[in-house]
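Asker: In this note's numbering, the protein residues as written are 407 to 708. C-beta atoms are modelled at their ideal positions from N, C-alpha and C, and glycine is treated no differently.
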């Protein structure tokens with residue numbers, strides 16, 4: 407009698423001749439959550455790369471004709487300018503479009519940095535084990551015990567002037583621990599595989615085993631966590647800028663605009679709401695993408 411398939415999907419394996427990544431891509435193409443998030447992210451990246459396609463207005467030049475009698479004029483919402491003007495007569499839509507570059511750049515660069523640093527720490531700790539694993543794990547525990555935003559605030563307040571690179575360095579300083587833990591666990595699992603033992607018995611070097619056998623097969627959980635975390639770093643930049651210790655004028659970012667709009671919340675809420683919605687949509691898109699990738703790479707979910 408043939409064995410019955412495990413309903414939990416734990417025994418699911420990639421089809422013969424196809425890799426896990428190939429099967430995952432086939433699943434992703436049929437997943438509406440992935441398609442919607444991918445469309446949003448492509449649109450966002452196009453806005454970052456070519457802001458001139460979305461607006462011809464300057465994000466930094468204000469038009470004083472949008473003021474009258476010393477008070478700001480907000481009556482252009484969905485009028486001659488879709489999202490009206492801020493208190494200095496600057497186009498809110500133009501600032502949303504151009505602000506995407508700084509916000510997304512922070513998210514992408516921080517994600518790449520923490521993936522590189524955390525991945526190396528997790529790879530070394532998980533592969534070599536022993537005292538080296540103990541030391542690196544305790545260092546990871548110490549950094550992970552620091553509240554993320556509070557730690558970033560402390561780091562940023564030590565600098566007299568904050569800019570894009572300072573914000574990235576502050577988020578990297580405290581953000582690599584999650585990737586390190588995930589990478590360590592994945593490496594420990596993969597290094598117990600038969601093909602790794604076979605490579606060792608054939609005399610393969612440590613470097614070859616790590617980068618030929620360990621890294622490619624331990625990468626999937628790290629990719630999932632990094633994709634989900636990217637949106638969180640964009641939100642962190644907005645939060646720090648709102649608190650006045652992240653990016654600051656004349657820099658143009660969604661966080662800076664949210665901070666600028668808080669003083670006019672009662673009279674002109676669209677100044678704050680517009681960039682806040684962009685932050686929320688972007689974070690949502692990356693979370694949806696991360697969930698879709700996680701489901702596609704997890705055999706138990708099939």
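Kindly indicate the opening and closing residues of the alpha helix (DSSP H) around residue 559.
Answerer: Where residue 559 is concerned, the enclosing alpha helix (DSSP H) stretches over 554-563.
Asker: Determine, using beta carbons only, whether residue 532 and residue 614 come nearer to each other than 8 Å.
Answerer: In this structure, residue 614 does not lie closer than 8 Å to residue 532 by Cβ.
Asker: Assuming residue 468 is part of the alpha helix (DSSP H), what are its boundary residues?
Answerer: From DSSP, residue 468 is part of no alpha helix (DSSP H); its letter is neither H nor E.
Asker: Just the C-alpha distance for residue 609 and residue 602, rounded to the nearest angstrom, thanks.
Answerer: So the alpha carbons of these two residues sit roughly 11 Å apart.
Asker: Buried or exposed for residue 565, please, with buried defined as at least 16 other CB atoms from any protein chain shown within 10 angstroms of its CB.
Answerer: Residue 565 should be labelled exposed.
Asker: Which value, in whole angstroms, describes the spacing of the CA atoms of residue 656 and residue 508?
Answerer: Going from the Cα of residue 656 to the Cα of residue 508 covers about 12 Å.
Asker: Ends of the alpha helix (DSSP H) at residue 606?
Answerer: Here the alpha helix (DSSP H) through residue 606 covers 600-607.
Asker: Assuming residue 592 and residue 641 make a contact with CB atoms under 8 Å, what is their CB distance in whole Å?
Answerer: Going by Cβ atoms, the distance from residue 592 to residue 641 rounds to 26 Å, so no, they are not a contact pair.
Asker: Taking the CB atoms as reference points, tell me whether residue 523 and residue 578 lie closer together than 8 Å.
Answerer: For residue 523 and residue 578, yes; Cβs fall inside 8 Å.
Asker: In three-state terms, what does DSSP make of residue 611?
Answerer: It is coil, neither helix nor strand.
Asker: For the alpha helix (DSSP H) that residue 676 lies in, which residues bound it at each end?
Answerer: Unbroken alpha helix (DSSP H) run through residue 676: 676-703.
Asker: For the alpha helix (DSSP H) holding residue 534, just list the boundary residues, first then last.
Answerer: Unbroken alpha helix (DSSP H) run through residue 534: 498-534.
Asker: By how many angstroms is the C-alpha of residue 468 removed from the C-alpha of residue 699?
Answerer: Spanning the two alpha carbons is a distance of roughly 43 Å.
Asker: Looking at the secondary structure, which residues open and close the alpha helix (DSSP H) in which residue 666 lies?
Answerer: Where residue 666 is concerned, the enclosing alpha helix (DSSP H) stretches over 660-667.
Asker: Using a threshold of 8 Å, state whether the C-beta atoms of residue 631 and residue 703 are closer than that.
Answerer: Against a cut-off of 8 Å, the Cβ pair of residue 703 and residue 631 comes out as no contact.
Asker: Which value, in whole angstroms, describes the spacing of the CA atoms of residue 499 and residue 581?
Answerer: When rounded, the distance between both Cα atoms is 31 Å.
Asker: Output yes or no for whether 8 Å exceeds the beta carbon distance between residue 652 and residue 519.
Answerer: No. Outside cutoff.
Asker: So is residue 668 buried or exposed if we call it buried at 16+ other beta carbons inside 10 Å?
Answerer: Looking at its Cβ environment, which holds fewer than 16 other Cβ atoms inside 10 Å, residue 668 is exposed.
Asker: Once DSSP output is grouped into helix, strand and coil, what is the label at residue 489?
Answerer: DSSP places residue 489 in strand when its eight states are reduced to three.
Asker: Give me the residue from 598, 549 and 639 with the minimum Cα distance to residue 535.
Answerer: That would be 598, whose Cα lies nearest to the Cα of residue 535.
Asker: Straight-line CA distance for residue 540 to residue 528?
Answerer: Their Cα atoms are separated by approximately 12 Å.
Asker: Can you give the Cα-Cα distance for residue 654 and residue 453, rounded to whole angstroms?
Answerer: Going by the C-alpha atoms only, they are around 21 Å apart.
Asker: Pick out whichever of 644, 678 and 495 has its Cα sitting closest to the Cα of residue 558.
Answerer: Among 644, 678 and 495, the Cα nearest to that of residue 558 is on 644.
Asker: Where does residue 575 fall in DSSP's three states?
Answerer: Correct three-state label for residue 575: helix.
Asker: CA-CA distance, residue 583 and residue 546?
Answerer: In a straight line, the C-alpha of residue 583 is about 6 Å away from that of residue 546.
Asker: Output the distance between the C-alpha atoms of residue 542 and residue 594, rounded to the nearest integer angstrom.
Answerer: If I take the Cα positions, the gap works out to 14 Å.
Asker: Use the C-beta contact count for residue 692: other C-beta atoms within 10 angstroms, 16 or more gives buried, fewer gives exposed.
Answerer: Per the 10 Å Cβ criterion, buried.
Asker: What are the start and end residues of the alpha helix (DSSP H) that includes residue 438?
Answerer: Start and end: 438-455.
Asker: Evaluate residue 673 with the Cβ neighbour count: other Cβ atoms within 10 Å of its Cβ, from every protein chain shown; 16 or more gives buried, anything less gives exposed.
Answerer: Exposed.
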